[in-house]
Structure formats: C-alpha cells, structure tokens
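One structure is given here, and the rest of the page talks about it.
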Amino acid sequence: VREVEVSGRTVALDMTPLGLLHVSETGETRVAHDRETGEAFAAKLVQHSQGAAPADDVFCVDAAVGLSHPCLVTVIGVVSVPGHEGARVFVTQLCPGGELLDSL
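The number in this note's numbering is simply the position in the sequence shown, starting from 1, with 283 added.
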C-alpha cells in the first residue's frame, strides 16, 4: 500500500526505511503525508488474523473518528486495503517524539 484515500484526502505512505515508525505484532506504523498540503500523519497498516471481529473494529473506529480532545490522538479515518481481506490502514494524527508507552 503506497497511498490511500481517507476523509477526502490522498495520503501517501513513506515506504522508505526512514518512514518506518514502529513494528508490532499487529502491523507497522509509517509516516504519511497529505499529497496536496504536505501535512504529516501516522498510518498503521494492520492485517487482522482469522477469528477477529472486524465489525467491532468498525464500531470502535466510527466512535473515535471526530473525537477531539487534547489527551487523545485524532483519528483521521480508516480504510480497507483492496485485494487484502482483513487489512486496514488507520490514519491518525502524527505525534512526534516516540511511543506513548515511552512517556509513561
């Protein structure tokens, strides 16, 4: 996945080694940029395992999109990846400075 359409924006994922922010059991997080404005985001590529409940994910994401609070990371949107069943890209506000757990 190199770019996604989310919330009326074309967001390009940085697939270079420098664009990789984090790797976990559920996927990887990369820097992404709005093609038009250059605004930076974080994009997490997630592949759901069999037995996962994607309907629950959709409910949680729908609840999170549009929330605005200084203590929450803003969810820009989530898109399914065509041709990759269960794969999704979560586009969120980019929070520079590392992992949240590093700050706790």
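Yeah, the Cβ is synthetic: ideal placement off N, Cα and C, and Gly gets one too.
Out of F324, L328, G369, the CA that lies nearest to the CA of V314 is found in F324.
DSSP places G302 in the helix class (H, G or I) of the three-state scheme.
In this structure, the CA atom of H367 is about 14 Å from the CA atom of V361.
Straight-line measurement puts the Cα of P365 at about 32 Å from the Cα of G380.
According to the DSSP assignment, G310 belongs to the beta strand (DSSP E) that extends over 310 to 317.
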